[in-house]
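Numbering of the sequence shown is given in numbering that gives the first Met the number 0, commencing with residue 0 and proceeding in unit increments. Accompanying notes for the structure given below.
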Amino acid sequence: MKQRKNKIVTLMLAGLLTFSLAACGNTEDESEARSQARYEEVKADLETGAETLTNTLTALTDAERESYKESTDSFTVAAVEAWEDVMDEAGELVQIQSVTSENDEDNYTATVLAECSENDVEFVYTYDKDTGAATSIAVNVEYSLATNMQRAGMNTIMGLGIVFLVLIFLCFIISLFKHVNKAVSRQEKKEEPVKAAPAPAPVAEIQEEDLTDDLELVAVITAAIAASQQTSADGFVVRSIKKANRSKWQRA
């Protein structure tokens, strides 16, 4: 129990660093040279605090992490959650490889490179210059070249697989078009009205020709011929000639 309390105190103090950072507040008229000199004074405390925080954070048990996530300090909660996000890929802490810090315009930044059993991990802490309190944390897994190549290969395979699946799906959709066209054609044929057979042409009615006037004309012509030849018209016989049915001849 005492050891757990010590870890909590260490985590909170590492987040706040030391009171020396808060005491060295920056004024508006402070020169860049003086700011750099002040950074050199707190640099050792800055890097030591970042290393201590990393060791404490990576050594927490499951129960301790759950307890810290109930803390009212936002940085403590963010630090625990950031480590939980990568701890499966990182593994257990083996050793601290390096600790560096930078003097930015508004903040101090401390970077801790840690060697872990699975992959190296980079812890980046940001501290406020005026208060000296840690304001944010970023935990990044540094994958090895072999791991990066493996991940790239898997991403490539997955990408190609998705492309092939899309192409197969498009080919399947296109193959359905011919069935759709056939169905539409059959439907149009069913809906098309049946045309009525054309009515047969009416047969022309055969009319018998009235030859009464023609007989009178023939009698006159016969009398004229007989008179011219000085013969009797009694020997002439006038016959009525019926008009032949041309349609019967055409059928023959």
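The beta-carbon is built from N, C-alpha and C at its ideal position, and this holds for glycine as well.
Whose C-beta lies closer than 8 Å to the C-beta of residue i among residues of the same chain, with five residues either side of it excluded?
| i | result |
| --- | --- |
| E50 | I95, V98 and V111 |
| T77 | Per the sequence presented here, residue 77 reads as Ala, with Thr not at that position. These residues qualify, in order along the chain: S135 and I136. |
| F176 | none |
| N54 | L92 and I95 |
| S70 | V76 |
What is the C-beta distance between residue i and residue j, in whole angstroms, given that I count them as a contact (C-beta under 8 Å)?
| i | j | result |
| --- | --- | --- |
| I136 | A81 | 5 Å |
| L92 | C115 | 6 Å |
| R64 | E83 | 6 Å |
DSSP three-state call for residue i: helix, strand or coil?
| i | result |
| --- | --- |
| T71 | coil |
| T257 | Shown here, the chain extends from 0 to 251; a query on residue 257 therefore has no answer. |
| E40 | helix |
| S97 | strand |
| E114 | strand |
Tell me which residues share the same chain as residue i and place their Cβ nearer than 7 Å to its Cβ, disregarding the 5 neighbours each side in the sequence.
| i | result |
| --- | --- |
| E121 | T110, L112, N139 and E141 |
| K42 | S100 |
| N25 | Residue placement at N25 cannot be trusted, given a pLDDT of 49 that sits under 50; what the coordinates show is reported in the next sentence. Closer than 7 Å at Cβ, skipping near neighbours: S34, K128 and D129. |
| V85 | V120, V138 and V140 |
| L169 | none |
| M148 | none |
Short check: CB of residue i to CB of residue j, under 7 Å?
| i | j | result |
| --- | --- | --- |
| E31 | S100 | no |
| G90 | E117 | yes |
| N102 | Y38 | yes |
Does any CB atom of chain C fall closer than 7 Å to the CB of residue i?
| i | result |
| --- | --- |
| A89 | In the displayed structure, chain C is absent; only one protein chain is listed. |
Return the chain-ordered list of same chain residues with a C-beta closer than 6 Å to the C-beta of residue i, the five sequence neighbours on each side being excluded.
| i | result |
| --- | --- |
| T125 | N106, T108, T134 and S135 |
| T57 | L92 |
| D119 | E141 |
| D72 | none |
| A62 | none |
| V79 | R64, Y67 and K68 |
Worksheet item: What are the start and end residues of each continuous beta strand (DSSP E) run of 3 or more residues lying completely inside the stretch 119-189, in chain order?
Response: Segments of the beta strand (DSSP E) lying fully in the stretch 119-189: 119-127 and 133-141.
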